[in-house]
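Number of protein chains: 2
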Amino acid sequence: MTRYFEDIEEGDVYELEGRYDVTTEEVKEFAEKYDPQPFHLDEEAAEESIFGSLAASGWHTASMCMRLLVDDFLEPETSMGARGVEELRWIRPVHPGDTLRVEVEILEKRPSESRPEVGHVRTKLTGYNQHDEPVVAWTALGMTRRREPGVDAADGSED
Amino acid sequence: MTRYFEDIEEGDVYELEGRYDVTTEEVKEFAEKYDPQPFHLDEEAAEESIFGSLAASGWHTASMCMRLLVDDFLEPETSMGARGVEELRWIRPVHPGDTLRVEVEILEKRPSESRPEVGHVRTKLTGYNQHDEPVVAWTALGMTRRREPGVDAADGSED
Numbered sequence: 003m004t005r006y007f008e009d010i011e012e013g014d015v016y017e018l019e020g021r022y023d024v025t026t027e028e029v030k031e032f033a034e035k036y037d038p039q040p041f042h043l044d045e046e047a048a049e050e051s052i053f054g055s056l057a058a059s060g061w062h063t064a065s066m067c068m069r070l071l072v073d074d075f076l077e078p079e080t081s082m083g084a085r086g087v088e089e090l091r092w093i094r095p096v097h098p099g100d101t102l103r104v105e106v107e108i109l110e111k112r113p114s115e116s117r118p119e120v121g122h123v124r125t126k127l128t129g130y131n132q133h134d135e136p137v138v139a140w141t142a143l144g145m146t147r148r149r150e151p152g153v154d155a156a157d158g159s160e161d
Numbered sequence: 003m004t005r006y007f008e009d010i011e012e013g014d015v016y017e018l019e020g021r022y023d024v025t026t027e028e029v030k031e032f033a034e035k036y037d038p039q040p041f042h043l044d045e046e047a048a049e050e051s052i053f054g055s056l057a058a059s060g061w062h063t064a065s066m067c068m069r070l071l072v073d074d075f076l077e078p079e080t081s082m083g084a085r086g087v088e089e090l091r092w093i094r095p096v097h098p099g100d101t102l103r104v105e106v107e108i109l110e111k112r113p114s115e116s117r118p119e120v121g122h123v124r125t126k127l128t129g130y131n132q133h134d135e136p137v138v139a140w141t142a143l144g145m146t147r148r149r150e151p152g153v154d155a156a157d158g159s160e161d
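Residue numbers (our numbering), protein chains in the order written: chain A, 3 to 161; chain B, 3 to 161.
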């Protein structure tokens with residue numbers, strides 16, 4: 003059953019089943035491309051940093067959680083991208099050997115006022131490590147397709 | 003000259019010189035790993051999406067801008083990571099063939115109250131394409147090393 007905007011309920015919580023194993027190789031590969039700071043690339047430098055040991059780039063951590071979200075929550079028929087993110091927090095460092103999982107909570111939904119096929123959904127995502135400690139969290143401003151494009155769009159205003 | 007917390011001035015704007023060429027190969031490679039939604043992977047699916055043509059994952063766009071920031075702004079001697087990000091907005095789609103550049107504005111700085119070697123710096127980053135259109139923006143909650151660890155830390159409170 004494809005989940006459309008109409009099927010989403012404020013307050014619903016989804017505990018996604020996927021797990022992401024963080025490896026040294028991938029932490030360094032991501033950092034070399036996108037965030038080549040010493041504490042993401044070099045064990046010795048990381049030990050002297052506030053991270054304590056080699057730590058994934060925050061953007062890498064977000065990307066790994068995004069993968070879990072795409073695999074187990076977003077659907078190609080209804081996911082329409084996101085306008086942005088609020089309150090992204092890197093709560094704890096993510097290290098090689100960690101295993102990540104994701105929880106999603108639906109905070110708010112409302113139909114787009116300008117695009118009849120679009121519903122806006124505000125979602126809180128929290129990523130946890132294998133000790134059930136939160137490591138990252140953000141609020142996504144996502145767009146989800148409506149099963150029945152709405153009459154709410156009559157005014158044509160932007161939103 | 004290494005830029006320490008003391009050298010950063012609120013209101014300063016840095017136009018970074020680096021440029022990032024967005025390629026089809028890299029857009030698909032990132033998407034396959036971290037955001038395998040059809041509009042990031044497949045030209046035909048992207049044409050039918052709100053993006054109009056193949057578009058980089060928003061996390062990829064952020065990561066490419068991060069690379070420009072690391073290359074031309076952050077310094078290994080003084081960059082201490084970030085606690086998070088506010089108001090991340092994917093303003094326009096980023097497509098293969100685009101070239102990205104980054105501007106940084108210092109919004110606010112204050113010494114940490116708990117860690118004498120740390121200064122908090124709130125920074126607005128904006129990524130532009132080759133048409134000088136903003137494509138992404140966020141406010142980073144960064145930490146920068148102080149040249150002279152501060153006496154402000156006397157109360158030992160957390161911040």
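Even for Gly, the Cβ is constructed at its ideal location relative to N, Cα and C.
Using the Cα positions of residue i and residue j, report the straight-line distance between them to the nearest angstrom.
i	j	result
LYS126 (chain B)	TYR16 (chain B)	10 Å
ALA142 (chain B)	VAL123 (chain B)	8 Å
GLU105 (chain B)	ILE10 (chain B)	15 Å
MET66 (chain B)	PRO38 (chain A)	12 Å
SER51 (chain A)	ARG147 (chain B)	11 Å
LEU56 (chain B)	TRP92 (chain A)	29 Å
LYS30 (chain B)	SER114 (chain B)	41 Å
ALA47 (chain B)	PHE41 (chain B)	5 Å
GLU12 (chain B)	GLU79 (chain A)	45 Å
HIS62 (chain A)	PHE32 (chain A)	7 Å
GLU77 (chain B)	VAL96 (chain B)	27 Å
GLY158 (chain B)	ASP14 (chain B)	With a pLDDT of only 47 at GLY158 (chain B), under 50, the local geometry of the prediction cannot be trusted, and no value is derived from it.
GLU8 (chain A)	LEU70 (chain A)	23 Å
ARG94 (chain B)	GLU49 (chain A)	39 Å
LYS111 (chain B)	LEU90 (chain A)	19 Å
SER81 (chain B)	TYR6 (chain B)	9 Å
ASP44 (chain A)	LEU43 (chain B)	32 Å
THR26 (chain B)	THR26 (chain A)	27 Å
Which residues in chain B sit within 7 Å of residue i, going by Cβ to Cβ distance?
i	result
GLY60 (chain A)	ALA84
Relative to the C-alpha of residue i, which residue among the options is closest?
i	options	result
LEU1 (chain A)	A:GLU115, A:VAL72 and A:ARG5	This structure gives no information on residue 1 (chain A), because the portion of chain A shown stretches from 3 to 161.
ASP74 (chain A)	A:ARG148, A:GLY152, A:ARG147 and A:THR4	A:THR4
ALA139 (chain B)	B:GLU49, B:GLY60 and B:ASP37	B:GLY60
LEU109 (chain B)	B:VAL96, B:ARG117 and B:THR128	B:THR128
GLY152 (chain A)	A:VAL120, A:ASN131 and A:PRO136	A:VAL120
GLU88 (chain A)	A:SER81, A:ALA64 and A:GLU31	A:ALA64
SER135 (chain A)	A:ASP100, A:GLU27 and A:GLU107	Sequence check: residue 135 (chain A) is Glu here, not Ser. The shortest C-alpha separation from GLU135 (chain A) is found at A:ASP100.
GLY86 (chain B)	A:MET82, A:VAL137 and A:ALA84	A:VAL137
VAL24 (chain A)	A:ALA48, A:GLY144, A:PRO78 and A:GLN132	A:GLN132
PHE53 (chain A)	B:PRO118, B:GLY83, B:TYR22 and B:PHE53	B:GLY83
GLY20 (chain A)	A:TYR130, A:HIS97 and A:PRO98	A:TYR130
MET68 (chain B)	A:GLU49, A:GLU34 and A:TYR22	A:GLU34
ARG240 (chain A)	A:GLU150, A:VAL96 and A:HIS97	Nothing about residue 240 (chain A) can be reported from this structure: the residues present for chain A run from 3 to 161 only.
ALA58 (chain B)	B:LEU102, B:SER81 and B:LEU76	B:LEU102
GLU107 (chain B)	B:GLY144, B:PRO98, B:GLU28 and B:GLU49	B:GLY144
TYR22 (chain A)	B:ASP44, B:TYR36 and B:ARG94	B:TYR36
GLU28 (chain A)	A:GLU49, A:ARG112 and A:PRO98	A:PRO98
Note down, in chain order, every chain A residue with its Cβ under 9 Å from the Cβ of residue i.
i	result
ARG69 (chain B)	LYS35, TYR36, ASP37 and PRO38
Could you list which residues in chain B have their beta carbon closer than 9 Å to that of residue i, in chain order?
i	result
ILE52 (chain A)	MET82, GLY83, ARG117, VAL120 and MET145
Give the residues of chain B in contact with residue i, contact being defined as C-beta atoms less than 8 Å apart.
i	result
MET66 (chain A)	TYR36
List, in chain order, every chain A residue whose beta-carbon is nearer than 7 Å to that of residue i.
i	result
VAL1 (chain B)	In the structure as shown, chain B begins at 3 and stops at 161. Residue 1 (chain B) is therefore absent and cannot be evaluated.
Members of the segment 104-116 of chain B near chain A, C-beta cut-off 9 Å: For the segment 104-116 of chain B, which is checked against every Cβ of chain A, not one residue is closer than 9 Å.
Contact set between the segment 77-94 of chain B and chain A, restricted to residues whose Cβ is under 8 Å from the partner: PRO78, SER81, MET82, GLY83, ALA84, ARG85, GLY86, VAL87, GLU88, GLU89, LEU90, ARG91 and TRP92
Taking only runs of the beta strand (DSSP E) that begin and end inside the segment 81-136 of chain A, which ones reach a length of at least 3 residues, in chain order? 81-92, 101-113 and 120-130
Write down every uninterrupted run of the alpha helix (DSSP H) in the segment 22-50 of chain A whose length is 4 residues or greater and which is fully enclosed by it, in chain order. 26-36, 40-43 and 45-49
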